[in-house]
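**Student:** The structure that follows is given in the form of structure tokens.
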Amino acid sequence: MSDDDNSPITARAGKQLFAGLRSAPGLVLAVSGGPDSVALMWLAARWRRGLARGPQLTVVTVDHGLRPEAAREAREVKGLATELGLTHRTLRWRGAKPDTGLPAAAREARYRLLNEAARKAGASHVLTAHTRDDQAETLLMRMLRGSGLAGLSAMARLTERDGIVLARPLLDVPKSQLVATLKRARIGFADDPTNRDTAFTRPRLRALLPQLAAEGGDSRSLARLAARLARANAAVEVLVDGAERFLQLRARGDAPQANGRSFEAEAFALLPEEVRLRLLLRTVNALGREGPAELGKVEALLAALDQAVNQVMAARPPAPANGRAILKQTLAGALISLAGGRIHITPAPARRFRGGS
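With this note's numbering applied, the sequence shown corresponds to residues 1 to 357, in that order.
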């Protein structure tokens, strides 16, 4: 860790963190009360004071109803926000909580509530306090889950979510620097014990980071790896866009498919495997009725599709254009079939459920 990692963030450096947000109509700051989000609030307030004109800042604290201390922490955030001249709202995640998958459910609820608050405040962005340490942990979690290139790119600096832009201005900043900034400003913050609860995956990986750092795998190098993978992922997406246009040009003159898409099987087979996989994933997600498809299931579908296409290409004479389907599968609410030398993807028919006696 360099000396800069333990140094407070200067006013000049803080200005650069929010440079691209000056023209936004309003910003919602997600502040839980921990050091990262409190630092985000303090830095944003300092930046906004230095502007003659700028976005309206609204601080939002989400109380998940999971810890008795959360209500007190929300009040403390409100007190600090008021001192900084910022509007504050506390939103509560109400209703039953799941027995399994609690972190994911809480995260989904938090973003939903933050987006609702942004729309109500007329804000274009929600700002979260994800740091370089969080980026390194996210990369490790996704590596262990066997994620593809897109997943290993970890968190993006800007992500659109239901019409609101989710921004992470602190993604290159180490947590230690945020703590140093608060100490210099004599600003207190809460300590959430769930951040050390080894019942959850992220805290267990967090505990391993010092050992990884000793081998050269510190948060800086892991975040740099995520950035390089994100760069490669963006390049592959450009190739997929080009491949999609290529297949559309090949389909000119064919009868249009009313509620789906169709690719020439032999042209599809000429594309690199990763491009074929992403085209398939992109199309299934666009036409399916059951949410995003799992990568592993799309990989299995592509393998079956490749095998079927190879059989078609090896057949002499080739199958007639009106031949029966050689392959027919459903995935994530989409129907994928290979017939007449073409790959067809359409929304799957609605499932019919039989009532019991």
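Cβ coordinates follow ideal geometry from the N, Cα and C atoms, glycine included.
1. Are there 16 or more other CB atoms within 10 angstroms of the CB of Met41, so buried, or fewer, so exposed?
2. Look up Ser357 in the DSSP assignment and say whether it is helix, strand or coil.
3. Measure from the alpha carbon of Val275 to the alpha carbon of each residue in Ala150, Leu335, Ala24, then state which is nearest.
4. Could you give the C-beta distance for Arg220 and Glu137, rounded to a whole number, given that I count them as a contact under 8 Å?
5. Could you name the residues of the same chain whose beta carbon sits closer than 6 Å to that of Asp197, not counting the 5 residues immediately before and after it, in chain order?
6. Do Ala30 and Thr100 come within 7 Å of each other at the CB atom, strictly closer than that value?
7. Quick one: complete beta strand (DSSP E) runs, 3+ long, within the region 259 to 317?
8. Can you give me the C-alpha to C-alpha distance between Gly95 and Leu66, rounded to a whole angstrom?
9. Have a look at Leu225 and Ala350 and give me their C-alpha separation to the nearest angstrom.
10. Excluding the 5 residues flanking Met1 on each side, which residues of the same chain have their C-beta closer than 6 Å to its C-beta?
11. Using the Cα positions of Glu264 and Ala251, report the straight-line distance between them to the nearest angstrom.
12. So for Thr346, helix, strand or coil by DSSP?
13. How many angstroms separate the CA atom of Lys175 from the CA atom of Asp5?
14. Report yes if the C-beta distance between Asn233 and Ser153 is below 7 Å; otherwise report no.
15. Determine the burial state of Gly14: buried for a count of at least 16 other Cβ atoms within 10 Å of its Cβ, exposed for fewer.
16. Can you give me the Cβ contacts of Arg119 inside the same chain, cut-off strictly under 8 Å, excluding the 5 residues immediately before and after it?
**Tutor:** So, to answer that:
1. Position 41 of the sequence shown, counting from 1, holds the residue named residue 41. Label assigned to Met41: buried.
2. Translated into positions along the sequence shown, residue 357 becomes position 357. With a pLDDT of only 45 at Ser357, under the threshold of 50, the placement of this residue in the model should not be trusted; the figure read from the coordinates follows. DSSP places Ser357 in coil when its eight states are reduced to three.
3. As a first step, residue 275 must be located in the sequence shown, where it is residue number 275. The option with the nearest alpha carbon to Val275 is Ala150.
4. In the sequence shown, counting from the first residue as 1, residue 220 sits at position 220. In the sequence shown, counting from the first residue as 1, residue 137 sits at position 137. Incorrect: roughly 13 Å between the Cβ atoms, too far for contact.
5. Residue numbering aside, residue 197 sits at position 197 when the sequence shown is read from its first letter. So the qualifying residues of the chain are Pro203.
6. Within the sequence shown, residue 100 is the residue found at index 100, counting from 1. Within the sequence shown, residue 30 is the residue found at index 30, counting from 1. Cβ atoms of Thr100 and Ala30: not closer than 7 Å.
7. As far as the region 259 to 317 is concerned, its whole beta strand (DSSP E) runs of at least 3 residues are 261 to 264.
8. Working through the sequence shown from its first residue, we reach residue 95 at position 95. Working through the sequence shown from its first residue, we reach residue 66 at position 66. In a straight line, the C-alpha of Gly95 is about 11 Å away from that of Leu66.
9. To locate residue 225, count along the sequence shown from 1; it is residue 225. To locate residue 350, count along the sequence shown from 1; it is residue 350. Straight-line Cα distance between these residues: approximately 43 Å.
10. As a position in the sequence shown, residue 1 is number 1, starting the count at 1. With a pLDDT of only 45 at Met1, under the threshold of 50, the placement of this residue in the model should not be trusted; the figure read from the coordinates follows. Answer for Met1: no residue qualifies.
11. Position 264 of the sequence shown, counting from 1, holds the residue named residue 264. Position 251 of the sequence shown, counting from 1, holds the residue named residue 251. When rounded, the distance between both Cα atoms is 7 Å.
12. Locating residue 346 in the sequence shown gives position 346, where the first residue counts as 1. Three-state result, Thr346: strand.
13. The count along the sequence shown starts at 1 and reaches residue 175 at position 175. The count along the sequence shown starts at 1 and reaches residue 5 at position 5. Each residue's Cα considered, the two are about 8 Å apart.
14. For the purposes of this step, residue 233 is taken as residue 233 along the sequence shown, with counting starting at 1. For the purposes of this step, residue 153 is taken as residue 153 along the sequence shown, with counting starting at 1. Yes, these two residues count as a Cβ contact at 7 Å.
15. Locating residue 14 in the sequence shown gives position 14, counting from the first residue. With 16 or more other Cβ atoms from the protein chains shown falling within 10 Å of its own Cβ, Gly14 counts as buried.
16. If you number the sequence shown from 1, residue 119 lands on position 119. Gly163, Ile164.
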